[in-house]
Amino acid sequence: MTIDSIHNGYVIDHIPAGSAMALYTHLGLEKLGCPVAMIMNAQSKRMGKKDIIKIDGDLDLSLDVVGYLAPGATVNVIRDGTLLEKRTLDLPEQLTGVIRCRNPRCITSTERDLPAAFRLTDREKRVYRCVYCEAKYEK
Amino acid sequence: MRHLINILDLTVPEIDALIRRADDIMARPEDYWDACAHKILATLFFEPSTRTRLSFESAMLSLGGQVLGFSEAASSSAAKGESVADTLAVVSGYADIIAMRHPKEGAPIVGASHSLVPVINAGDGGHYHPTQTLTDLLTIHHVKGSFNGLTIGLCGDLKFGRTVHSLIGAMSRYENIRFVLVSPEELKLPSFVKQEYIKDRGIEYIQSQDLESVLGDLDILYMTRVQRERFFSEEEYLRLRDSYILTPEKLKLARPDLAILHPLPRVNEISTEVDRDPRAVYFRQAHYGKFIRMALILMLLEEAAK
């Protein structure tokens, strides 16, 4: 399998195996015109198996989405064929416009143009609570 | 801009200052007759309420101010589909301070972020009701003299009862508090309230489904109504409504210095015969609500003027 090296774009590495599809959807990668490669179940010394996404194109990558769906993933930013930045992402403290509050009594269920916003209240247990109604996010 | 969304937006010293101010207003109301002259309070009630709205309006009128507003969503622009953000952006240009009730939880946070003037949360769904809690605190201060060392029983709807959540949050900041949580299984206190305000603070508590067995331990009994509007199913509401009814018979088990509070309105959870018992303080409690709201309006207007 050959995947061309990236000139301008991102390599999202160390994605927990099986999470790449969800990341692909939430990042809206299907809407991009540029080449996107997904590698599933790649061998990893650290993780056993991992997923990798390579995006050969510029986009406003939401690090919150990556951090939330794939905590521990590394994002490599490639510019002009060289590695510009490498960041390991953890669960974000705040999450805006990524997940929806499922409490039917929450103001985000009716208010126009109000993105759902969550706050990380327990990092160990991965608990997010709605900023508005404080309901716990349940997948 | 200072708003009041959650009772915990106020520090303990600020609550003490509000209670001192309310006491002073009760003792010398004439000193405050013109304290808010030429100021306007807007009462935006997207959900009907008698007591809270009238209490706010009476508070502002007693301070020499004026009031405007609406008492249900149907008579407001919300019926035309206007957002909370837009309503507050507009109305805050017509008033100096806003008291807002909304059925959706978190609505006052949205309102406050679009308002030019202080916003007071007058109840948002099953979430918070900080001015009821201030009323409860003023009542406890008057009947018990202190907030420390009290065993507080909360009975009825502890799940959707926003006054319960706010009162637990406020009382958990005092010393040697003990909570007794009495509810049917379906209306138990939400786990996050229990975790944050009780467990994390190392406060002693017990949970029970049987009011009679714990009644004798209590300094305060905070009764609540099972609220029809919080249920999607009428059948479930009717099943849980009659879980706890306080009667003179049951009160024989209680201490002579118990104080019975209720945020009102009641339906049938306290028998009317209990009203004559000197331990029933819920009507006095409702009257205190006006004075603590006067103190709060003054505080927020003073801070906005700085």
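One line per chain: the protein sequences are A and B, in this order.
So the first sequence is numbered by the numbering used here: it starts at 48 and just counts up by one.
So the second sequence is numbered by the numbering used here: it starts at 426 and just counts up by one.
No residue lacks a Cβ here, since even glycine has one placed at the ideal position from N, Cα and C.
Looking from the CA of L116 (chain A), the closest CA among A:K183, A:Y57, A:A182, A:H61 belongs to A:H61. DSSP, reduced to helix, strand and coil, places Y57 (chain A) within a strand of the structure shown. When B:R650, B:V535, B:S496 are compared, the shortest CA-CA separation from L513 (chain B) is found for B:V535. In the DSSP assignment, M525 (chain B) forms a beta bridge with B:L469, B:N546.
The three-state reading of DSSP puts D169 (chain A) in strand, counting E and B together. Listed in chain order, the positions of the stretch 491-521 of chain B with a beta carbon within less than 8 Å of a beta carbon of chain A are S508, V509, A510. The beta-carbon of G594 (chain B) is placed no less than 8 Å from the nearest beta-carbon of chain A. Across the set B:A499, B:A462, B:S538, the C-alpha of B:A462 shows the shortest separation from the C-alpha of D521 (chain B). In its chain, beyond the 5 residues on either side, V605 have a beta carbon closer than 6 Å to the beta carbon of I631 (chain B). Put simply, the CB of H552 (chain B) is near chain A, with a gap under 8 Å to one of its CB atoms.
Per DSSP, D448 (chain B) lies in no beta strand (DSSP E); the unbroken alpha helix (DSSP H) holding it starts and ends at 437-452. Contact between F481 (chain B) and A547 (chain B) holds, with the beta-carbon distance rounding to 7 Å and staying under 8 Å. Between the stretch 712-723 of chain B and the stretch 442-455 of chain B there are three or more inter-stretch CB-CB distances shorter than 8 Å, so the stretches are counted as touching.
At a Cβ-Cβ threshold of 8 Å, I545 (chain B) and T556 (chain B) count as neighbours. Secondary structure remark: continuous alpha helix (DSSP H) runs of at least 4 residues inside the stretch 76-124 of chain A, in chain order: 110-116. In this model, R664 (chain B) and I102 (chain A) are separated by some 57 Å (Cα to Cα). Just so you know, the alpha carbons of L74 (chain A) and R166 (chain A) end up roughly 20 Å apart.
The three-state secondary structure of M648 (chain B), taken from DSSP, is strand. Per DSSP, K133 (chain A) is one residue of the beta strand (DSSP E) stretching across 129-135. Just measuring C-alpha positions, the residue of B:E629, B:E659, B:S608 sitting nearest E637 (chain B) is B:S608. Y707 (chain B) and M68 (chain A) have their alpha carbons spaced roughly 57 Å apart.
Distance between A89 (chain A) and N55 (chain A), taken at the CA atoms: about 23 Å.
DSSP, read as helix, strand or coil, puts A679 (chain B) in coil. Exclusion of the five residues before and after T576 (chain B) leaves R603, V605, D642, L643, D644 as the residues of its chain whose Cβ lies within less than 7 Å of its Cβ. The C-beta distance from A504 (chain B) to A498 (chain B) rounds to 6 Å, short enough to fall under 8 Å. The beta carbons of E439 (chain B) and H527 (chain B) sit no closer together than 8 Å.
The beta carbon of S109 (chain A) is closer than 7 Å to those of L74 in its chain, skipping five residues each way along the sequence.
For S487 (chain B), the number of other beta carbons within 10 angstroms of its own is at least 16, and it is reported as buried. With its beta carbon less than 8 Å from one in chain B, C153 (chain A) belongs to the interface.
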